[in-house]
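If you're matching them up, the sequences are chains H and F in order. Take the first sequence: its position 130, counted from the start at 1, is 129 in numbering that gives the first Met the number 0, and no numbers get skipped. Take the second sequence: its position 226, counted from the start at 1, is 225 in numbering that gives the first Met the number 0, and no numbers get skipped. Note that CB positions come from ideal geometry on N, CA and C, so glycine has one too. Each remark here refers to the structure printed beneath this line.
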Amino acid sequence: MGPATRLHIDAVHKAYGRRSVLRGTDFTVSAGMLAGVVGENGSGKSTLLRIAVGMLSPDRGTVRRSGTLGYCPQKSVINDTLTVAQHLRLFQVAYRLPDLHYAWELVDLLGFHAERRTRAGELSGGTRQKLNLALALMHDPPLLVLDEPYQGFDWDTHQRFWHLAGRLRSRGQAVVVVSHLLHDFQHFDSIHHLREGRLHAEAVTR
Amino acid sequence: MKHHWTAFTVALGFTLTGHLRNRLAMSMTAFFIPTWIYVVRATALDKSITFHTSALGTEVTASMNRTIQISSALHAVTVIAGFMMFMATFSARDMDQRLVLAGYPRAHLLAAKIVALLLITAALTCYSTGLLLLSWPLAQPWAVAAALAAAILAYGGLGLVAGFLLRGELEGFFVVVMATLIDVGMQSPVSNPAGDQTGLNALPLYGPAQAALASAFTPTHSLTCSARALAWFAATSALAALVFHLRTRRHQRPMPCVGLASAPTQNECREGDRSAVS
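Below you can see the structure in the form of structure tokens.
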């Protein structure tokens, strides 16, 4: 492992009833690394990420993290009755942030500043996902775990997301992204294919 | 200390905002309660009936029309309180889990929900008691208000628990409507003149219904009778706290960095032990 390991998953097993999803999965992410996790639908990518962030308990194996982390779930987890600004205020309290300058920068970057007073229930699918992502990034954590964070993004925002991910990596942050899109693979430093409950490293082609 | 206060007030403010943006509940409050009471007043039979309140041990003689108005007010406020608490809890529960994992103090989130219920109770109680006072001068308006408040708290608590436990909006609405329908029906001296069935006194509205009926027409003291519903409020709040705790617990805390092949700095290890997840 490198000098600054942010996430280390060792021999993690997880089953839902008789259906075994993870069978001894190992995964390590270091600072300044942009890692891709790929795999077929239902292969266990989201389960692996939920275990990585502590939302789900593995049946066996260990998870070690260092530093705060930001987690962007696959399905937007927001409150439809609250506006964009109210979401930022709630998470400002949760993260104990002194101000929201960086959060609003992210909102600008992702291109939904005009929706700051709009209730989440009235946002388009893509904008809901932008808010979902902004809530994971707004405290600028050293480890980011993003589960298909750009679903519903238009092409420009999709490109801006990868530009942002690259910027975070160059600042020394560790970024894990679940992706299905072949043309995204060029952005990764390492690609890990989840197959039959285990992660297999794949060659990166740029 | 300031952070705790901020966490509570922000959560309370946004919880109340969520309630106020529940258009169906607001519409039901504005139109459903007065319409229901007015329709009963205008159409229900206005003959005198005598019934026994087993909880208070008194006989009450009153107009059937007014008796049904009391039952209708109880039904309306309990449906609305249960529905409001269910919807607010149900629609925010995934977000609450995310907030807690991000570092939001969960006690403050839960306290905000319960304080919001107390404020809703105060508002609904004043409103519904005022509407009943437009029909006739209640014998003990404050005691009727106390009975309505106790009923609202009991069903608000049930709505809170249902919001954490049930899987769909339709399920929650159905449970609230059916529970109040059965409870009000069983406690009404018109639909259930005997009112002495085994187990009836275990239902949430047993105390408030009898207290409201007695206080509306007689000078009988009924506050302790109303307070029976507070046991339901306390039990449902405690259950809600337990379910909320289980739903928002972190399944695996980061392990200490000691033992990693290349351990991060001490500072990073400390951060890892209280890592925030969004």
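{"query": "Residues, ordered as in the chain, of the segment 142–165 of chain H that lie near chain F by beta-carbon distance below 9 Å", "result": "L142, V144"}
{"query": "Given F172 of chain F as reference, the closest of F:G81, F:A234, F:R227, F:L199 once Cα atoms are compared", "result": "F:G81"}
{"query": "Residue-level contact to chain H via CB, A24 of chain F, 9 Å cutoff", "result": "no"}
{"query": "Backbone secondary structure at T219 of chain F - three-state DSSP", "result": "coil"}
{"query": "Where C256 of chain F sits in the DSSP three-state scheme", "result": "Since pLDDT at C256 of chain F reaches only 47, below the 50 mark, its modelled position is unreliable, and the value read off the structure follows with that caveat. Coil."}
{"query": "Near-chain F residues of the segment 84–108 of chain H (beta-carbon distance less than 7 Å), N- to C-terminal order", "result": "Q85, R88, L89, F90, V92, A93, Y94, R95"}
{"query": "Chain H within 9 Å of C256 of chain F, Cβ atoms only", "result": "Note that C256 of chain F scores a pLDDT of 47, beneath 50, so its modelled location is shaky and nothing firm can be said."}
{"query": "Proximity test, Cβ basis, 9 Å: H2 of chain F and chain H", "result": "yes"}
{"query": "Beta-carbon proximity of L142 of chain H to V176 of chain H, cut-off 9 Å", "result": "no"}
{"query": "Proximity winner among H:T27, H:D139, H:H86, H:Y101, relative to R115 of chain H (alpha-carbon distances)", "result": "H:H86"}
{"query": "C-alpha gap between Y94 of chain H and Y103 of chain F, whole angstroms", "result": "7 Å"}
{"query": "Bridge partner(s) assigned by DSSP for C224 of chain F", "result": "C224 of chain F is not bridged to any residue."}
{"query": "Range covered by the alpha helix (DSSP H) that runs through K13 of chain H", "result": "Element bounds for K13 of chain H: not the alpha helix (DSSP H) but the beta strand (DSSP E), 4–15."}
{"query": "Contact set for S189 of chain H: own chain, Cβ-Cβ below 6 Å, skip 5 residues either direction", "result": "A34"}
{"query": "Range of the contiguous alpha helix (DSSP H) that encloses L202 of chain F", "result": "That residue, L202 of chain F, is in no alpha helix (DSSP H); it is neither H nor E in DSSP."}
{"query": "C-beta atoms of T4 of chain H and T24 of chain H nearer than 9 Å", "result": "no"}
{"query": "Three-state secondary structure (DSSP) of S53 of chain F", "result": "coil"}
{"query": "CA-to-CA distance, R248 of chain F to C256 of chain F, given in whole angstroms", "result": "No answer about C256 of chain F holds up, because its pLDDT of 47 lies below 50 and its placement is not dependable."}
{"query": "Spatial neighbours of A243 of chain F in its chain, beta-carbon cut-off 7 Å, leaving aside the 5 residues before and after", "result": "This sequence places Phe at residue 243 of chain F; Ala is not what is there. R105, L109, F163, listed in sequence order."}
{"query": "Contact list for the segment 68–79 of chain H against chain F, Cβ threshold 8 Å", "result": "L68, G69, Y70, C71, P72, V76, I77, N78, D79"}
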